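Asker:
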Amino acid sequence: MSVFRAPALMVVAAALTLAAASCGRMRDDDAYGGGTPTSPTPGSSSSAATITITSSGASPRAVTVSVGSRVTFVNDDSRNHDMVSDPHPEHSDCPPINDVGFLRPGQSKQTGNLNTRRTCGYHDHDRDTDRSLQGTITIQ
1121 MSVFRAPALM VVAAALTLAA ASCGRMRDDD AYGGGTPTSP TPGSSSSAAT
1171 ITITSSGASP RAVTVSVGSR VTFVNDDSRN HDMVSDPHPE HSDCPPINDV
1221 GFLRPGQSKQ TGNLNTRRTC GYHDHDRDTD RSLQGTITIQ
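Numbers given in my numbering equal positions in the sequence shown, counted from 1, plus 1120.
1) Confirm, please, whether the CB-CB distance from Ser-1198 to Ile-1217 is below 8 Å.
2) Where His-1208 and Ile-1173 are concerned, what is the direct C-alpha to C-alpha distance, given to the nearest angstrom?
3) Per the DSSP calculation, Thr-1231 is bridged to which residue(s)?
4) Could you name each continuous beta strand (DSSP E) segment of 3 residues or more that falls completely within the segment 1210 to 1255, going from the start of the chain to the end?
5) Going by alpha carbons, who is nearest to Asp-1250 out of Arg-1190, Ala-1169, Met-1203 and Asn-1235?
6) Select from Ser-1179, Thr-1239 and Gly-1226 the residue whose C-alpha is nearest the C-alpha of Val-1187.
7) At the level of alpha carbons, what is the spacing between Gly-1177 and Ser-1189?
8) Report, in whole angstroms, the separation of the C-beta atoms of Ile-1257 and Thr-1236, which I expect to be a contact under 8 Å.
9) Taking its Cβ as the centre, do 16 or more other Cβ atoms sit within 10 Å of Ala-1168, making it buried, or is it exposed?
10) Taking the alpha-carbon positions, what's the Val-1191 to Gln-1230 distance?
11) Can you tell which of Thr-1170, Ser-1179 and Ser-1175 has its C-alpha closest to the C-alpha of Val-1185?
12) Hey, could you find the ends of the beta strand (DSSP E) Asp-1202 is sitting in?
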């Protein structure tokens, strides 16, 4: 019986390892932010502001929008960017910002509807200390 126990334990360990690895954040075509940009769904707000990312950083770094609005992020840089809500690394302050996520060069995406009056911070997850890639969205 012990001859069969070791291979079975190895199979279980391998399956658990694969399951744990699949729970990690993927970069392309995942629910976190990869894939093809989509248009707002019917009944949702259109973009009220645009933040453009270049080799110099995000511009403008601060925007103000109305409650229910969306913000479009445009990647005009030659590098990928991963734009998410503060704080790093939780990204829990303003979850609709996380809809932007991973942006390839030339790609643009919108936040979800920003429905709560507040000021939200955003940053590039992969360059979280680069102040030129940090900013705020004020929802009024």
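By construction, the Cβ of each residue, glycine as well, lies at the ideal position given by its N, Cα and C atoms.
Predicted, not measured: the structure shown is a model, and the values here were computed from it.
Answerer: By the coordinates alone:
1) Counting from one through the sequence shown, the residue named residue 1217 turns up at place 97. Counting from one through the sequence shown, the residue named residue 1198 turns up at place 78. No.
2) The residue labelled residue 1208 in the question sits at position 88 within the sequence shown. The residue labelled residue 1173 in the question sits at position 53 within the sequence shown. Computed Cα separation, rounded: 19 Å.
3) For this step, residue 1231 is matched to residue 111 along the sequence shown. Answer by DSSP bridge pairing: none, since Thr-1231 is not bridged.
4) As for any beta strand (DSSP E) of minimum length 3 sitting wholly inside the segment 1210 to 1255, the runs are 1221 to 1223, 1228 to 1230 and 1238 to 1244, ordered along the chain.
5) Within the sequence shown, numbered from 1, the residue matching residue 1250 stands at position 130. The shortest Cα separation from Asp-1250 among Arg-1190, Ala-1169, Met-1203 and Asn-1235 belongs to Met-1203.
6) Indexing the sequence shown from 1 puts residue 1187 at position 67. Measuring from the Cα of Val-1187, the nearest candidate turns out to be Thr-1239.
7) Taking the sequence shown and counting its residues from 1, the one referred to as residue 1177 is at position 57. Taking the sequence shown and counting its residues from 1, the one referred to as residue 1189 is at position 69. C-alpha separation (whole angstroms): 23 Å.
8) Numbered from its first residue, the sequence shown carries residue 1257 at position 137. Numbered from its first residue, the sequence shown carries residue 1236 at position 116. Wrong, their Cβ atoms sit about 11 Å apart, outside the cutoff.
9) Position 48 of the sequence shown holds residue 1168. By the 10 Å Cβ count, Ala-1168 comes out buried.
10) Position 71 of the sequence shown, counting from 1, holds the residue named residue 1191. Position 110 of the sequence shown, counting from 1, holds the residue named residue 1230. If you take the alpha carbons of Val-1191 and Gln-1230, they lie about 5 Å apart.
11) Translated into the one-based positions of the sequence shown, residue 1185 becomes position 65. The shortest C-alpha separation from Val-1185 is found at Thr-1170.
12) Residue 1202 sits at position 82 when you count from the first residue of the sequence shown. Asp-1202 -> beta strand (DSSP E) spans 1201 to 1205.
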